[in-house]
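Under full-length UniProt numbering, the sequence shown has 212 at position 212, and the numbering climbs by one with no breaks. Yeah, the Cβ is synthetic: ideal placement off N, Cα and C, and Gly gets one too. This report refers to the structure that appears directly beneath it.
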Amino acid sequence: MSFSRSEEYQDAYIKELDARLAALENNEFFLPTPPKTSKSSARRPRKQNKDSAERDLKAVSAPTSARRNRVRRHNQFTQQDIQKFLNCAYEKKPLWNLEPEQYEQVLSILKQQKKDAVAKKRFVDSMESQEAIEYVNNHYKNAIKEEGEQEIDSEFQGKMDTYYESLKKFDDETKDLEEKFLIKKRKAKDLIVESQKDDLLDLQEYWSSPAKQRLYNRASNQLVNLRKRQIDEVNLNNLAEAARLQKHISRLEREESRTNSEAWQLDYNQALDKLQQKHKRELETFEFQSNIQFTSLKQKRETLRRRFLYRKANLEHKKEQDKATSLFGASATKRIQRNISASTSLKKTEKILDRALDNVYKDISSIRLKPIVFKVPK
């Protein structure tokens with residue numbers, strides 16, 4: 001079937017459907033007018049009552065998709081649009097951005113054209129119509145699949161937005177807990193340091209107290225005796241002996257002062273070193289326990305956060321499962337079987353030889369003869 005003849009045939013068929021619709025709206029009885037075509041594509045007028053016209057019209061414009069609850073009308077698309085879709089189907093051009101009802105309308109017209117071609121035994125034309133039907137079916141199936149995937153992606157994106165919002169809220173809460181813990185730790189450490197400073201001041205006060213000094217500023221018995229003798233010599237007015245004793249007293253005072261001062265400083269340093277070691281152990285223990293508590297906090301929050309990651313993985317896995325099964329789900333399968341699969345094969349199409357074509361193929365055991373020529377005797 002040439003492309004020009006297909007256009008002429010399709011235009012005529014669409015005009016005929018429009019005329020039937022007008023007749024139905026006016027409640028008139030309709031007899032289709034055959035289009036003016038060439039002999040090769042001429043169509044015989046066929047009487048149709050109101051019921052048959054309604055059936056043909058519903059075959060073109062009735063909605064068959066259960067997926068959308070839309071109001072679909074036959075005159076929703078112009079004749080030029082339908083003609084453009086039919087041309088694309090026959091020429092195997094891409095059919096983009098079509099609605100389901102447009103696919104269904106094009107398929108209905110192509111099926112009817114195939115029936116008409118079979119009725120007129122134009123099997124080459126019917127094969128071309130069948131190829132166009134299969135081409136549109138493939139596009140329709142892909143459109144249903146893409147629509148399902150878009151719905152899944154949209155639903156998945158909504159869930160992911162909620163997931164990321166919850167995850168951000170959880171991370172903010174974790175950050176707030178960590179900051180509070182560090183602030184609490186810093187305050188506790190400051191208290192320990194202040195306490196240690198007080199211990200150092202107490203240590204200094206203790207070692208500088210008069211009672212502690214008396215333990216180290218006590219003179220030896222020898223020095224005490226020399227001082228007593230000097231006092232006695234002064235009382236006896238023996239000043240020369242008092243001067244000689246003063247030399248010994250001064251030497252012993254220097255020696256004992258140096259020795260006792262070193263002992264006092266050494267004992268203080270030892271006490272200070274012990275106190276500092278104690279403070280160091282206190283800070284190390286505090287840091288160790290604090291780190292354990294902080295690590296435990298982080299581990300607990302990380303365990304809880306891992307649940308969010310599992311939830312994300314489950315959402316992504318469910319998305320892939322939904323995409324894998326969206327085309328083969330129950331509703332999609334029913335819709336495809338009803339609207340597509342039923343017309344993909346000549347062997348499994350709806351009954352081509354319906355009541356309208358029974359008379360054409362009624363007698364298969366006879367042949368057409370030429371009229372006999374009677375000779376009238378002169």
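With distances taken Cα to Cα, identify the nearest neighbour of Lys92 among Leu110, Glu101, Phe123, Tyr135.
Nearest of Leu110, Glu101, Phe123, Tyr135 to Lys92, Cα basis: Tyr135.
Which whole-angstrom value is the C-beta distance of Lys189 and Phe288, which I expect to be below 8 Å?
In fact, because the Cβ distance is near 13 Å, the residues do not count as touching under 8 Å.
Quick check on the DSSP output: the alpha helix (DSSP H) that includes Phe218 runs from which residue to which?
Sequence check: residue 218 is Arg here, not Phe. No alpha helix (DSSP H) holds Arg218; DSSP gives it neither H nor E.
Between the alpha carbons of Asp322 and Ile152, how many angstroms are there, rounded?
Approximately 7 Å between the Cα atoms of the pair.
Would you grab the beta carbon distance between Ala271 and Leu201 for me? Rounded to a whole angstrom, and I think it's under 8 Å.
The pair is not a contact, with the Cβ atoms about 14 Å apart (cut-off 8 Å).
Look at the Cβ atom of Leu245, then the Cβ atom of Leu226, and state whether they are nearer than 9 Å.
Yes; because the gap between Cβ atoms is below 9 Å, this pair is in contact.
Roughly how many angstroms separate the alpha carbons of Val373 and Ala89, rounded to a whole number?
Taking the straight line joining both Cα atoms gives about 48 Å.
What separation, rounded to the nearest whole angstrom, lies between the Cα atoms of Thr259 and Trp207?
Cα-Cα distance, rounded: 17 Å.
Enumerate in chain order the residues of its own chain whose CB-to-CB distance from Leu297 is below 8 Å, with the five nearest sequence positions on each side excluded.
Excluding positions up to five away in sequence, the list reads Leu177, Glu178, Phe181.
Reducing DSSP to helix, strand and coil, say where Leu98 ends up.
Reduced to three states, the DSSP call for Leu98 is coil.
Do you know offhand how far Leu86's Cα is from Ser126's?
Each residue's alpha carbon lies about 14 Å from the other.
Ser129: buried (16+ other C-beta within 10 angstroms of its C-beta) or exposed?
So Ser129 counts as buried.
Given this structure, state the Cα-to-Cα distance separating Ala313 from Ser290, to the nearest angstrom.
Going from the Cα of Ala313 to the Cα of Ser290 covers about 34 Å.
Would you kindly work out how many angstroms separate the C-alpha atoms of Glu146 and Pro100, rounded to a whole number?
Going by the C-alpha atoms only, they are around 12 Å apart.
Assign Gln157 to buried or exposed, taking buried as 16 or more other Cβ atoms, counted over all protein chains shown, within 10 Å of its Cβ.
Gln157 comes out exposed.
What does the Cβ neighbour count give for Ala117, buried or exposed, with the cut at 16 atoms within 10 Å?
It is buried - the Cβ of Ala117 has at least 16 other Cβ atoms within 10 Å.
The alpha helix (DSSP H) spanning Ser166 covers which residue range?
First-last of the alpha helix (DSSP H) with Ser166: 123-207.
Under a three-way DSSP split, which group does Lys93 fall into?
Note: Lys93 maps to coil in three-state DSSP.
Determine, using beta carbons only, whether Asp199 and His279 come nearer to each other than 9 Å.
Their beta carbons are under 9 Å apart, which means Asp199 touches His279 by this criterion.
For a quick check, are the C-beta atoms of residue 387 and Ile133 less than 9 Å apart?
Examination of residue 387 is not possible in this model, given that the chain is present from 1 through 378 alone.
Look up Pro371 in the DSSP assignment and say whether it is helix, strand or coil.
In the structure shown, Pro371 sits in coil (DSSP, three-state: anything other than H, G, I, E or B).
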